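Down below is the structure, laid out as structure tokens.
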Amino acid sequence: HEVRIVSAHRTPDRLADYAKTAQGRGLSVIIAGAGGAAHLPGMCAAWTALPVLGVPVESHALKGMDSLLSIVQMPGGIPVGTLAIGKAGATNAALLAASILALSDPALGTRLAAWRAAQTAAVAEEPGR
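Residue numbers 1 to 129, in the UniProt record's numbering, belong to the letters of the sequence shown in order.
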């Protein structure tokens, strides 16, 4: 995996280069978090055929609704898998990316299944237990 800071508005050339070359660098999925106008996930998806998962970042003015609507309302032909606003969305984006990668990586699939089983086992059946 890799982590980069790119902005659709402030570093558009860096974004285009990042997305266009992602598959050649061995990436299989991109997670893009963005706030406000939140064009980053959509622009990534415009430049690559890799799956792009968009995570709306909570904004001060509109509590992340602006980010969510910017990411989820993509035009036909430029798909972005949109997750929940904030930390839950980031967590689920990572899990969804792991699920996508596990399609071709059985060991990862096994680890993901174990994580999910542990999550299930951690839920009490009765209050106070």
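Where a beta carbon is used, it is the ideal one built from N, C-alpha and C, also for glycine.
Predicted model, so just to flag it, every value in this text is computed and none were measured.
Quiz item: For residue 79, which residues of its own chain have a beta-carbon under 7 Å away from its beta-carbon, when the five flanking residues on both sides are left out?
Solution: 45
Quiz item: Is residue 72 helix, strand or coil when you go by DSSP?
Solution: helix
Quiz item: Taking buried to mean at least 16 other C-beta atoms within 10 Å of its own C-beta, is residue 55 buried or exposed?
Solution: It is buried - the Cβ of residue 55 has at least 16 other Cβ atoms within 10 Å.
Quiz item: Where in the UniProt domain "PurE" (1-123) do unbroken runs of the beta strand (DSSP E), each at least 3 residues long, occur, reported from the N-terminal end onward?
Solution: 30-34, 52-56
Quiz item: Residues in its own chain within less than 6 Å of residue 35 by CB, not counting five upstream and five downstream?
Solution: 57, 59, 67
Self-check item: residue 85 versus residue 52 - alpha carbon distance
Solution: 16 Å
Practice problem: Taking the CB atoms as reference points, tell me whether residue 50 and residue 22 lie closer together than 8 Å. | Solution: The answer is yes: Cβ separation under 8 Å.
Exercise. Closer than 6 Å by C-beta to residue 16: which residues in its own chain qualify, once you throw out the five before and the five after it? Chain order, please.
Key: Taken in chain order, the residues that qualify are 47.
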